[in-house]
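Reading through the structure tokens given below for one structure.
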Amino acid sequence: MTPLGCCSDDTWDALISNRRAGRYLTPADIDHYTELSALQGLALHGAVVDHVEVDRQLQESQLLKAVPGEIADVWRSEPLVAMSVVAFGEALNHAGFSLESLRSERTAVVFGGSKGGLRSIERMTEFPRDRRGRRSQWVPAGLGSCVAEAAALSPRDGYGNMQVFWTYSVQTDSATRAITELSRARIASSCPVAACATGLIAVLQGASLIHRGQCDVCIVGSADAGLRSSVLASFHRLRVTSRHSNPASACRPFDLSRDGFIVGEGAGVLILESRVHAETRRAEAIARVVAGGWLNDPTGMTQIDEDGIVVSEVLSRSQNSSMPYPDILNVHGTGTESNDLAEARGIVKAFEAAPQMPRCFGLKGALGHLLGAAGSVETVLTLRALNRRQIPGTANLQMIDHRCSIPLEANPRELPGIQSAAKLSLGFGGHVACGVFEHPSR
Numbered sequence: 027m028t029p030l031g032c033c034s035d036d037t038w039d040a041l042i043s044n045r046r047a048g049r050y051l052t053p054a055d056i057d058h059y060t061e062l063s064a065l066q067g068l069a070l071h072g073a074v075v076d077h078v079e080v081d082r083q084l085q086e087s088q089l090l091k092a093v094p095g096e097i098a099d100v101w102r103s104e105p106l107v108a109m110s111v112v113a114f115g116e117a118l119n120h121a122g123f124s125l126e127s128l129r130s131e132r133t134a135v136v137f138g139g140s141k142g143g144l145r146s147i148e149r150m151t152e153f154p155r156d157r158r159g160r161r162s163q164w165v166p167a168g169l170g171s172c173v174a175e176a177a178a179l180s181p182r183d184g185y186g187n188m189q190v191f192w193t194y195s196v197q198t199d200s201a202t203r204a205i206t207e208l209s210r211a212r213i214a215s216s217c218p219v220a221a222c223a224t225g226l227i228a229v230l231q232g233a234s235l236i237h238r239g240q241c242d243v244c245i246v247g248s249a250d251a252g253l254r255s256s257v258l259a260s261f262h263r264l265r266v267t268s269r270h271s272n273p274a275s276a277c278r279p280f281d282l283s284r285d286g287f288i289v290g291e292g293a294g295v296l297i298l299e300s301r302v303h304a305e306t307r308r309a310e311a312i313a314r315v316v317a318g319g320w321l322n323d324p325t326g327m328t329q330i331d332e333d334g335i336v337v338s339e340v341l342s343r344s345q346n347s348s349m350p351y352p353d354i355l356n357v358h359g360t361g362t363e364s365n366d367l368a369e370a371r372g373i374v375k376a377f378e379a380a381p382q383m384p385r386c387f388g389l390k391g392a393l394g395h396l397l398g399a400a401g402s403v404e405t406v407l408t409l410r411a412l413n414r415r416q417i418p419g420t421a422n423l424q425m426i427d428h429r430c431s432i433p434l435e436a437n438p439r440e441l442p443g444i445q446s447a448a449k450l451s452l453g454f455g456g457h458v459a460c461g462v463f464e465h466p467s468r
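One gets the numbering used here by counting positions in the sequence shown from 1 and adding 26 to each.
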């Protein structure tokens, strides 16, 4: 589920066709458009999911029929949950499962997010009104005040069951809860929060549960619906969003003229299962998880070590004895000055003893930065690249920064014979993760 398509096939086809999702935002896309545009001093841009199509797919899905109507209504109203449920349905179908065929006693869910349902949280600030529609006489003192006022609301106030609204749209684990309820998973229901590395860490945690024998099937992934005025304003203050005038070419990972990313949104879901379980039901695997891990870079809240030491270490620790070096590497590549330089230095250091560097590619120039969804969505696309032995290009890479001396592919390319792939994810707060995968034919 990405700004390039509401399913993995459409997204992949768009990437291979060199399409880019960045566009100018409109007042219909985002609240407080005029104020935010004036604050930033430029036209707003981002990478937007087609939410009309998401809602259409959700209404046509059999998944909504598995829950009470009031829960289904809340899922439809919150983009974070709606995208997650649609992506889960696609993953379920692709894996050859139905809700009935999942054995709840051997199924787990590890589905993360970097934040809760921001649209619903913003709606909560509208709650402080008395039941005659007048403004309450209190001075806002944070979300606690909103919650206290909201607790007194009844369905006739237009917000339905407050417990359902809070659980299934406001909390950080609201999408996790939706997927867990649909799958009836009993082994685990976990919601990792690791900024922009969340999705990949969810994949690695799910693989670990299976490796330890705690479950046969684990539904993993992440989502983010952070294309909101509060998020755009915050990233603008942090000076990490691009100021280039053309939104389609604004995010330029590893390019000499890069100056930041554009914010996007989306969801990615993978269904992992043990080899024995997959072989028993004669499932067709798209890839195998062979190694991975994550570390912390204590350099700063929004910075990473400029020499890429932690990036190098997590890549080195993820190398497998039977497959020491991946053939392709999907880099994090935000398009910021500091991230791309440090990441490139870490990659060079990690593979300095390799016969050759892995072919590298980045996706944020085409997709935008999907924040908490980036790790899972980009992992899905990395596995698609490995399975099809074809990689997308690094969109908007015109002139590579000579300091970023890694072999980046600027355009889509077929790579016959590749057997392994790695995915690298970084996140504010020091999160650095790497996953390594192999082709099922290996």
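Beta carbons: idealized from backbone N, C-alpha and C, even for Gly.
When DSSP states are grouped into helix, strand and coil, A221 belongs to the helix group. Spatial neighbours of I312 in its own chain (CB-CB distance under 6 Å, excluding positions within 5 residues in sequence) are listed in chain order as L409 and N413.
Restricting attention to P273, R132 and A73, the CA atom closest to the CA of H303 is found in R132. Comparing C-alpha distances from D366 to each of R254, S234, S451 and E126 shows the shortest one belongs to S451.
Contact check for F454 against A221 passes: the beta carbons are separated by less than 8 Å. Using a Cβ-Cβ distance cut-off of 8 Å, the segment 379 to 390 and the segment 434 to 446 are in contact, since at least three pairs of beta carbons, one from each stretch, lie closer than that value. L321 and I426 have their C-alpha atoms roughly 28 Å apart. Between T198 and V219, the C-beta spacing is below 8 Å.
F261 and R307 have their C-alpha atoms some 46 Å from each other. Relative to the Cα of A214, the nearest Cα in the group I245, D76 and A448 belongs to I245. E339 and K91 have their C-alpha atoms roughly 47 Å apart.
Nearest Cα to S140 within the set A400, S431, Q416 and R415: A400. Linking S127 to N272 through their CA atoms gives a straight-line distance of about 48 Å.
Counting only runs of 3+ residues, the beta strand (DSSP E) found wholly inside the segment 202 to 275 occupies 214 to 216 and 243 to 250, in chain order. The beta carbons of V289 and L118 sit no closer together than 8 Å. Counting along the chain, G453 sits inside the beta strand (DSSP E) bounded by residues S446 to G453. By the Cβ test, the segment 345 to 365 is in contact with the segment 317 to 332, since at least three Cβ pairs between them sit closer than 8 Å. Assignment of beta strand (DSSP E) within the segment 108 to 142, counting only whole runs of 3 or more residues, yields 133 to 139 in chain order. The DSSP-derived three-state label of D353 is coil. A direct Cα-Cα distance of roughly 36 Å separates A64 from I42.
Ranking T420, E310, A40 and P324 by CA distance to the CA of N356 puts T420 first. Put simply, the backbone Cα of S124 is about 17 Å away from that of Q83.
Buried is the label assigned to M27, since at least 16 other Cβ atoms lie within 10 Å of its Cβ. The alpha-carbon of I205 is positioned some 11 Å away from that of G138.
Pairing S146 with G115 gives a Cβ-Cβ distance that is not under 8 Å. The three-state secondary structure of G388, taken from DSSP, is coil. CA-CA distance, G361 to G95, rounds to 43 Å. At a Cβ-Cβ threshold of 8 Å, V74 and P29 count as neighbours. G359 places its beta carbon 8 Å or farther from that of F463.
Buried is the label assigned to R254, since at least 16 other Cβ atoms lie within 10 Å of its Cβ. In the structure shown, V190 adopts helical secondary structure according to DSSP, grouped into three states. Just so you know, the alpha carbons of E104 and R429 end up roughly 42 Å apart.
DSSP places G319 inside the beta strand (DSSP E), whose first and last residues are R314 to N322. Taking the C-beta atoms as reference points, A274 is found nearer than 8 Å to R49. Contact between K390 and G334 is absent: CB atoms are separated by about 18 Å, not below the 8 Å threshold. S467 is not a Cβ neighbour of A370, given a cutoff of 8 Å.
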